[in-house]
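**Q** Chains as they are written, first to last, in my numbering: chain C, 3 to 297; chain H, 243 to 360. Just so it is clear, CB atoms sit at the ideal spot from N, CA and C, and this is done for glycine as well. Just so it is clear, the structure is predicted and the values come from calculations on it, not from any experiment.
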Amino acid sequence: MTKGFLIFAHNNEEIDYLKLAAVNARLIKQNCSISDVTVVTNHHSYDYTCATMGEEFVTDSFSNIVFVEKDKTFKRSNVRTYKDTSHTAKSLPFYNLDRCDAYDLSPYDETILIDADYLILSDVLNSCWNHDNEFMMNWSYQDIMVERDDPTLRRLHPSGITMYWATVVYFKKCNFSEQFFKTVKHVRDNRQYYQDVYKWPGNLYRNDYSFSVAAHMLGGFQERGIPQLPLPALYKTFDTDDIHSIPCKNEIIFYLEKPKALGDFVLTRWKNLDVHVMNKWAINRISSELMNYIE
Amino acid sequence: MSNKLTKALEFANYRSSLNIQHNNMKARVQTLLSYSTNGGTFIISHELISFVKLLVDREMPDAVLLDVYNNPIQIENLDTFLEELISRYFEATNEYFADYSKLKKSRKVHKLIDIDDD
Numbered sequence: 003m004t005k006g007f008l009i010f011a012h013n014n015e016e017i018d019y020l021k022l023a024a025v026n027a028r029l030i031k032q033n034c035s036i037s038d039v040t041v042v043t044n045h046h047s048y049d050y051t052c053a054t055m056g057e058e059f060v061t062d063s064f065s066n067i068v069f070v071e072k073d074k075t076f077k078r079s080n081v082r083t084y085k086d087t088s089h090t091a092k093s094l095p096f097y098n099l100d101r102c103d104a105y106d107l108s109p110y111d112e113t114i115l116i117d118a119d120y121l122i123l124s125d126v127l128n129s130c131w132n133h134d135n136e137f138m139m140n141w142s143y144q145d146i147m148v149e150r151d152d153p154t155l156r157r158l159h160p161s162g163i164t165m166y167w168a169t170v171v172y173f174k175k176c177n178f179s180e181q182f183f184k185t186v187k188h189v190r191d192n193r194q195y196y197q198d199v200y201k202w203p204g205n206l207y208r209n210d211y212s213f214s215v216a217a218h219m220l221g222g223f224q225e226r227g228i229p230q231l232p233l234p235a236l237y238k239t240f241d242t243d244d245i246h247s248i249p250c251k252n253e254i255i256f257y258l259e260k261p262k263a264l265g266d267f268v269l270t271r272w273k274n275l276d277v278h279v280m281n282k283w284a285i286n287r288i289s290s291e292l293m294n295y296i297e
Numbered sequence: 243m244s245n246k247l248t249k250a251l252e253f254a255n256y257r258s259s260l261n262i263q264h265n266n267m268k269a270r271v272q273t274l275l276s277y278s279t280n281g282g283t284f285i286i287s288h289e290l291i292s293f294v295k296l297l298v299d300r301e302m303p304d305a306v307l308l309d310v311y312n313n314p315i316q317i318e319n320l321d322t323f324l325e326e327l328i329s330r331y332f333e334a335t336n337e338y339f340a341d342y343s344k345l346k347k348s349r350k351v352h353k354l355i356d357i358d359d360d
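(1) If you drop the 5 nearest sequence neighbours on each side, which residues of the same chain put their C-beta closer than 8 Å to that of C/Tyr166?
(2) C/Ile36: which of C/Arg82, C/Val126, C/Asn14 and C/Asp117 sits nearest, CA to CA?
(3) Give the secondary structure of C/Thr43 by DSSP, where H, G and I count as helix, E and B as strand, and everything else as coil.
(4) Within 9 Å (strictly less), CB to CB, does C/Ser142 reach chain H?
(5) Of all the options H/Asp356, H/Gln316, H/Leu345 and H/Asp358, which has the alpha carbon lying nearest to the alpha carbon of H/Asn261?
(6) Are the beta-carbon atoms of C/Leu115 and C/Val277 separated by less than 9 Å?
(7) Provide the residue(s) that pair with C/Ser247 in DSSP beta bridges, ordered along the chain.
(8) In the DSSP assignment, find the beta strand (DSSP E) that holds C/Trp167 and state where it starts and stops.
(9) Rounded to whole angstroms, what's the CA-CA distance from C/Ile30 to C/Thr40? Just pull it up for me.
(10) Tell me, please, whether the CB atom of C/Cys176 is closer than 9 Å to any CB atom in chain H?
(11) Count the other C-beta atoms from every protein chain shown that fall within 10 angstroms of the C-beta of C/Glu71, then say buried if there are 16 or more, exposed otherwise.
(12) C/Tyr84 bridges to which residues according to DSSP?
(13) Against chain C, which members of the stretch 291-313 of chain H pass a CB distance test of less than 9 Å?
(14) So if DSSP puts C/Trp272 in a beta bridge, which residue, or which two residues, is it bridged to?
(15) Quick one, which residues of the stretch 204-230 of chain C are near chain H if we go by CB-CB under 7 Å, in chain order?
(16) Using a Cβ cut-off of 9 Å (strictly closer), state whether H/Tyr277 contacts chain C.
(17) Starting from the N-terminal side, write out each stretch of the alpha helix (DSSP H) that is 4 residues or longer and does not extend beyond the stretch 96-135 of chain C.
(18) State the beta-bridge partners of C/Tyr143 as determined by DSSP.
(19) Please classify C/His278: does DSSP put it in a helix, a strand, or coil?
(20) Using the C-alpha atoms, what's the distance from C/Tyr295 back to C/Asn252?
(21) Could you check whether the Cβ of C/Leu155 sits closer than 9 Å to any Cβ belonging to chain H?
(22) For a contact defined as C-beta to C-beta under 8 Å, what are the partners of C/Met147 on chain H?
(23) How is C/Met3 classed by DSSP in three states: helix, strand or coil?
(24) Determine the DSSP secondary structure at C/Asn14, reduced to helix, strand or coil.
(25) Just verifying my parser: in three-state terms, what is the DSSP assignment at C/Lys262?
(26) At a cut-off of 8 Å, would you count C/Phe267 as near the ligand FAD, judging by its Cβ distance to the nearest heavy atom?
(27) When burial is assigned at 16 or more other CB atoms within 10 Å of the CB, is C/His46 buried or exposed?
(28) So, with DSSP's three-state summary, where would you put H/Gln263?
(29) For H/Thr273, return the contacting residues in chain C, with the cut-off set at a CB-CB distance below 8 Å.
(30) If we call anything under 9 Å between Cβ atoms a contact, is H/Ile317 one with H/Ala334?
(31) Quick check: what's the CA-CA separation for H/Arg270 versus C/Ser63?
(32) Listing by chain order, which chain C residues have their CB less than 8 Å from the CB of H/Asp356?
(33) Report yes if the CB atom of C/Thr239 is closer than 9 Å to the CB atom of C/Phe223, and no otherwise.
(34) From this set, C/Lys273, C/Ala263, C/Asp244 and C/Pro261, which residue's C-alpha is nearest C/Lys282's C-alpha?
(35) Can you grab the Cα-Cα spacing for the pair C/Asn44 / H/Arg330, in whole Å?
(36) Would you check if there are 3 or more beta carbon pairs closer than 8 Å linking the stretch 103-112 of chain C to the stretch 249-256 of chain H?
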């Protein structure tokens, strides 16, 4: 049985997702001892990151690079607000259309699909391999700043279904996983209809929504019908937070924004646990510091 | 701002940082106490350790246990499984104890985070 990680990385005008993915791939190799990491990207992103970081840096980070073409109409229409703390916000294209192709693009029998900004600082995801569950993803998450609770991240709608996080997904090549990703594609291609039924907010296409709808449908239209990953929660920070420094291997010191004092922060040291860092600029800023601790 | 108020705000900041730092440790220990084997996942608890010890005392070589997903998992060698549970339990709690002891003694934010105060 082959096993490996899969990351999607499409740059936009400001965010070098491929660089984030490359740093993360090196963290995966170091912490999970898995050298099979596939990245799905496009030629523009590849050329840009190679020009800024060097081709060797990119090719050495991944065992396999899959190139896809971007849908330019979708790219122009799917625009979201990215924040670099509460002080800076920018509207930029958010290209996430092809994540539902993960099943077809993954060369592995067992795959862990992760976001480029889900930093692997431990080996905890190794507990997924050879699991009895063929497909796992989380609905439970924990903000590092425990006082901060956003109910809109728990359900698609206040009276709607539970929201699953497509940030980390484990799947085996099997009939169920194939059907799951086909259902996600179906939801993506019929967004308006499913938005009317499931009533998620806004016009932005998010994989969390389409994966949650697929989980609801294929979980037998039951709440939380798909099993979670074998970890207590997905830990996350927000794009209103920042990174202070990388004090040593697998440790990050964060600035966490206070919930009732926007733009004001408390410091915390996070260590030896994977974490979703939503402020992409912050990761890019400290990526060279992070690289210092990757052997 | 009066001196009293400045001190009160500093203390509030310290308490907030302490709380977050303590929660980070709890997250770490919870993760370490999750143990996946034979296709299943177990939370290492006092209850699980006692139950497996009971099975070992009854000289059962193997058993089917329910994991956190309520899936039946065949455990081939209960002696080895018990050893693994105990070893992982103390690895987690000893790390927690070391970090928590340090945290308890820290009375300033920079000491909680363990960074230079400059």
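**A** So, from the listed chains and residues:
(1) As a first step, residue 166 of chain C must be located in the first sequence, where it is residue number 164. Cβ neighbours of C/Tyr166 beyond the five flanking positions: Met139, Asn140, Trp141, Asp210, Phe213, Ser214, Ala217 and Ile228.
(2) Working through the first sequence from its first residue, we reach residue 36 of chain C at position 34. The shortest Cα separation from C/Ile36 among C/Arg82, C/Val126, C/Asn14 and C/Asp117 belongs to C/Val126.
(3) Taking the first sequence and counting its residues from 1, the one referred to as residue 43 of chain C is at position 41. The answer is strand: DSSP assigns C/Thr43 an E or B state.
(4) By one-based count along the first sequence, residue 142 of chain C stands at place 140. Not an interface residue.
(5) The residue you call residue 261 of chain H lines up with position 19 of the second sequence. Comparing Cα-Cα distances from H/Asn261 to each of H/Asp356, H/Gln316, H/Leu345 and H/Asp358, the minimum goes to H/Leu345.
(6) In the first sequence, the residue the question calls residue 115 of chain C occupies position 113. In the first sequence, the residue the question calls residue 277 of chain C occupies position 275. No.
(7) Taking the first sequence and counting its residues from 1, the one referred to as residue 247 of chain C is at position 245. The partner list for C/Ser247 (beta bridge, DSSP) reads C/Ile255.
(8) Stepping through the first sequence from its first residue, residue 167 of chain C is reached at position 165. Trp167 to Lys174 is the span of the beta strand (DSSP E), which, as asked, contains C/Trp167.
(9) Indexing the first sequence from 1 puts residue 30 of chain C at position 28. Indexing the first sequence from 1 puts residue 40 of chain C at position 38. Roughly 11 Å between the two C-alpha positions.
(10) Mapped onto the first sequence, residue 176 of chain C falls at position 174. It does not; no Cβ of chain H falls within 9 Å.
(11) Position 69 of the first sequence, counting from 1, holds the residue named residue 71 of chain C. It counts as exposed.
(12) Here residue 84 of chain C refers to the residue found at position 82 of the first sequence. C/Tyr84 is bridged to C/Lys92.
(13) Cβ contacts with chain C: Asp309, Val310, Tyr311 and Asn313.
(14) Taking the first sequence and counting its residues from 1, the one referred to as residue 272 of chain C is at position 270. Note: C/Trp272 is bridge-paired with C/Ile254 in the DSSP secondary-structure output.
(15) Pro229
(16) Position 35 of the second sequence, counted from the start, is the residue given in the question as residue 277 of chain H. Cβ-Cβ to chain C under 9 Å: yes for H/Tyr277.
(17) 104-107
(18) For the purposes of this step, residue 143 of chain C is taken as residue 141 along the first sequence, with counting starting at 1. Paired residues: C/Leu236.
(19) Translated into positions along the first sequence, residue 278 of chain C becomes position 276. In this structure, C/His278 counts as strand in the three-state DSSP scheme.
(20) The residue labelled residue 252 of chain C in the question sits at position 250 within the first sequence. The residue labelled residue 295 of chain C in the question sits at position 293 within the first sequence. One alpha carbon belongs to C/Asn252, the other to C/Tyr295, and they sit about 8 Å apart.
(21) By 1-based counting over the first sequence, the position of residue 155 of chain C is 153. So, not an interface residue.
(22) Position 145 of the first sequence, counting from 1, holds the residue named residue 147 of chain C. The contacting residues are Ile262.
(23) Reading the first sequence from its first residue, position 1 is the one you call residue 3 of chain C. Here C/Met3 sits in coil by DSSP.
(24) Within the first sequence, the letter at position 12 stands for residue 14 of chain C. C/Asn14: coil per DSSP, three-state reduction.
(25) Against the first sequence, residue 262 of chain C aligns to sequence position 260. Coil, per DSSP.
(26) Of ligands this structure carries none, so the ligand FAD is not represented either.
(27) Residue numbering aside, residue 46 of chain C sits at position 44 when the first sequence is read from its first letter. Label assigned to C/His46: exposed.
(28) Locating residue 263 of chain H in the second sequence gives position 21, counting from the first residue. It is helical.
(29) Here residue 273 of chain H is taken as the residue at index 31 of the second sequence, counted from 1. Result: Ser124, Val126, Leu233, Pro234 and Leu275.
(30) The residue you call residue 317 of chain H lines up with position 75 of the second sequence. The residue you call residue 334 of chain H lines up with position 92 of the second sequence. Going by beta carbons, H/Ile317 and H/Ala334 fall outside the 9 Å limit.
(31) Here residue 270 of chain H refers to the residue found at position 28 when the second sequence is read from its first residue. Here residue 63 of chain C refers to the residue found at position 61 when the first sequence is read from its first residue. Each residue's alpha carbon lies about 28 Å from the other.
(32) For the purposes of this step, residue 356 of chain H is identified with residue 114 of the second sequence, where counting begins at 1. Those within 8 Å of H/Asp356 in chain C are Pro249 and Arg271.
(33) Here residue 239 of chain C refers to the residue found at position 237 of the first sequence. Here residue 223 of chain C refers to the residue found at position 221 of the first sequence. Result no, Cβ atoms of C/Thr239 and C/Phe223 do not sit closer than 9 Å.
(34) Taking the first sequence and counting its residues from 1, one reaches residue 282 of chain C at position 280. Nearest C-alpha to C/Lys282: C/Asp244.
(35) Within the first sequence, the letter at position 42 stands for residue 44 of chain C. Within the second sequence, the letter at position 88 stands for residue 330 of chain H. One C-alpha to the other measures close to 43 Å.
(36) no
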